[in-house]
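There are 2 protein chains.
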Amino acid sequence: VPCRTIADVFLEAERQSVDYGVVPVENSTAGAVINTLDQFLETDLLVCAEIELPVSHNLLSKGKLAEITRVNSHPQALAQCRRWLAEHLPRASQVETPSTAAAAQMTRDPDTAAIATESASVLYDLPILVPHIEDVSTNVTRFLVIGPHQSGRTGRDRTALVFTVDDRAGALCAALSTLAKRGINLSRIESRPSRRRLWEYVFFVDLDGHPDDSDVAVALDELRQTCSFVRVLGSWPR
Amino acid sequence: VPCRTIADVFLEAERQSVDYGVVPVENSTAGAVINTLDQFLETDLLVCAEIELPVSHNLLSKGKLAEITRVNSHPQALAQCRRWLAEHLPRASQVETPSTAAAAQMTRDPDTAAIATESASVLYDLPILVPHIEDVSTNVTRFLVIGPHQSGRTGRDRTALVFTVDDRAGALCAALSTLAKRGINLSRIESRPSRRRLWEYVFFVDLDGHPDDSDVAVALDELRQTCSFVRVLGSWPR
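Residue numbers (this note's numbering), protein chains in the order written: chain A, 28 to 265; chain B, 28 to 265.
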């Protein structure tokens, strides 16, 4: 079931009109997908799996490179090709579209290009002007599968958390040390504005382990005593 | 001297065709301005001051709210009004523009609106359809002033750092504890992809203090021994 926005994916999964939702959470070049992180603050859905997909971008157009004055694409695709665009199309305006497919669909004039996939090139009959224009060749997007239940312990798991800390020296360090002193590895940390108080942040953390692992269970208990807010966003097999 | 992009501000300041550059680094609602963070990895310029500006957004259009099918604005403004747009204009397409002023300038048809300032309303003769549509009323953008020199110690300073840590359990915690154990407060931490290795990150940290403070100097020395890469991005009076 295709959804128009990330918020819609959460909504459909919350209504249980679908079994699971799939949302992008991070790209290896452009970084966090902030819409997805912010949605996790407003849902009871849990992460139950992750998917990594290599992503390659192509410049599609009916015109020539020298003619292009406008480039349509999804903001993540524009971000993943920022250096290429600055070098080859520094004067072209960049127009944000809901998806790379939508960008290809709306690109008709020879002075306009879309950044999109090979399959969009075929589907919308738009020649590939320049293939593989992503700034970093190992360009991978990580997606999370969200649903009503988290996955059981497999012994090789990852767990996502969100928490806030008090505004005092060492507060974040104290929170992280509850994990570090038990040898629990963090694969990722992201901060986002809490949207409640000025310059207050929430921290999104991915750790190696499962809440049913005894060391993770103890660390989470301690974290709940240290932090004003802690929520496990889900666990899944690595 | 107005510049078209954040990269251009860095470029003009590097060429010393201007004394200082001013770049947005963070908004209290939408979070980090990732283009600015990423530019700091590729420059020798130093932060020497910061500016906080309250930001209010308005929906400008010649049409009525029910007619609007397209909203033009800068991606940060769209992000800061995301909830309002989802509620009041869920079907309207969002078009990214280089600035909120450019959005107002290109908005002519009654089915199109711009998110922009009051002064853009006057300048481009575009009525304010709905004032103050930002999602969070205390909406503040923090700007950094960049130039060839950092500011001297005043006793009430802030310092920006960027560093990478090894991929092992507790590595980030060890780095942060060099600051925490000396009572040095972090006002902010952001992670960004390193763009060198898959799922490797750099961390941007703002701390309270100046490299000429003895505790900060010792902490920085220790950090340089712990981390594979550390750079002070500058210091400025709080």
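Virtual Cβ for every residue (Gly too), placed ideally from N, Cα, C.
Simplified DSSP state of residue i, which is helix, strand or coil
{"i": "CYS200 of chain A", "result": "helix"}
{"i": "PRO81 of chain A", "result": "strand"}
{"i": "ASN212 of chain B", "result": "coil"}
{"i": "LEU112 of chain B", "result": "helix"}
{"i": "VAL15 of chain B", "result": "The requested residue 15 of chain B is not part of the displayed model; chain B covers only 28 to 265."}
{"i": "LEU86 of chain A", "result": "strand"}
{"i": "SER148 of chain A", "result": "helix"}
{"i": "THR165 of chain B", "result": "coil"}
Identified DSSP bridge partners for residue i
{"i": "GLY174 of chain A", "result": "A:LEU73"}
{"i": "ASP184 of chain A", "result": "A:PRO264"}
{"i": "GLN121 of chain B", "result": "B:VAL98"}
{"i": "ALA57 of chain B", "result": "Partner(s): none; ALA57 of chain B has no beta bridge."}
{"i": "VAL67 of chain A", "result": "According to the sequence provided, residue 67 of chain A is Phe. The question's Val does not apply to it. In the DSSP output, where bridge partners are listed per residue, PHE67 of chain A has none listed."}
{"i": "ARG258 of chain B", "result": "B:VAL189"}
{"i": "SER44 of chain B", "result": "Partner(s): none; SER44 of chain B has no beta bridge."}
{"i": "ARG219 of chain A", "result": "A:VAL229"}
Limits of the unbroken beta strand (DSSP E) element including residue i
{"i": "ASP233 of chain A", "result": "228-235"}
{"i": "ARG97 of chain B", "result": "97-100"}
{"i": "ILE155 of chain A", "result": "155-157"}
Element boundaries [alpha helix (DSSP H), containing residue i]
{"i": "THR139 of chain A", "result": "Where THR139 of chain A is concerned, there is no enclosing alpha helix (DSSP H), although the beta strand (DSSP E) it sits in stretches over 139-143."}
{"i": "GLY93 of chain B", "result": "According to the sequence shown, residue 93 of chain B is Ala rather than Gly. No alpha helix (DSSP H) holds ALA93 of chain B; DSSP gives it neither H nor E."}
{"i": "ASP242 of chain A", "result": "241-253"}
{"i": "LEU38 of chain A", "result": "33-41"}
{"i": "MET133 of chain B", "result": "127-133"}
Contact set between residue i and chain D, taken where Cβ atoms lie within less than 8 Å
{"i": "LEU225 of chain A", "result": "Going by chain labels, chain D is absent from the structure shown, which instead holds the protein chains A and B."}
Taking 8 Å as the threshold, find out whether the region 231-244 of chain B comes into contact with the region 177-188 of chain B through three or more Cβ pairs.
With contact defined as three or more Cβ pairs closer than 8 Å, the region 231-244 of chain B and the region 177-188 of chain B are in contact.
Given a limit of 7 Å on CB to CB distance, which residues of the region 45-73 of chain A reach chain B?
If the cut-off is 7 Å between Cβ atoms, the region 45-73 of chain A has SER55, THR56, GLY58, ILE61 near chain B.
Is there contact between the region 156-169 of chain A and the region 62-72 of chain A, where contact requires at least three CB pairs shorter than 8 Å?
no
May I ask you to list, following chain order, the residues of the region 198-214 of chain B that have a beta carbon less than 8 Å from some beta carbon of chain A?
LEU199, CYS200, ALA201, LEU203, SER204, LEU206, ALA207, LYS208, GLY210, ILE211, ASN212, LEU213, SER214
Across the region 50-60 of chain A and the region 161-172 of chain A, are there enough close Cβ pairs to call them in contact, namely three or more that are closer than 8 Å?
yes
Closer than 8 Å, Cβ to Cβ, to anything on chain B: give me those residues from the region 164-192 of chain A, in chain order.
THR165, VAL167
For the region 87-96 of chain A against the region 183-191 of chain A, do three or more pairs of beta-carbon atoms, one drawn from each stretch, fall closer than 8 Å, so that the two count as touching?
Under the Cβ criterion (8 Å, minimum of three pairs), the region 87-96 of chain A does not count as touching the region 183-191 of chain A.
Examine the Cβ distances between the region 94-109 of chain A and the region 133-146 of chain A and report whether three or more of them are shorter than 8 Å.
yes
Between the region 190-207 of chain A and the region 208-224 of chain B, are three or more C-beta pairs nearer than 8 Å?
Using a C-beta cut-off of 8 Å, the region 190-207 of chain A makes contact with the region 208-224 of chain B, since at least three inter-stretch Cβ pairs fall below that distance.
Could you tell me whether the region 115-123 of chain B touches the region 104-123 of chain A, where touching means 3 or more Cβ pairs closer than 8 Å?
yes
Anything in the region 75-109 of chain A with a Cβ closer than 7 Å to a Cβ of chain B? List those residues in chain order, please.
PRO102
Name the residues in the region 140-158 of chain A whose C-beta lies less than 8 Å from a C-beta of chain B; which are they?
none
What residues from the region 240-251 of chain B come within 8 Å of chain A, judged by C-beta to C-beta, listed N to C?
none
Is there contact between the region 28-42 of chain B and the region 220-230 of chain B, where contact requires at least three CB pairs shorter than 8 Å?
No, they do not touch.
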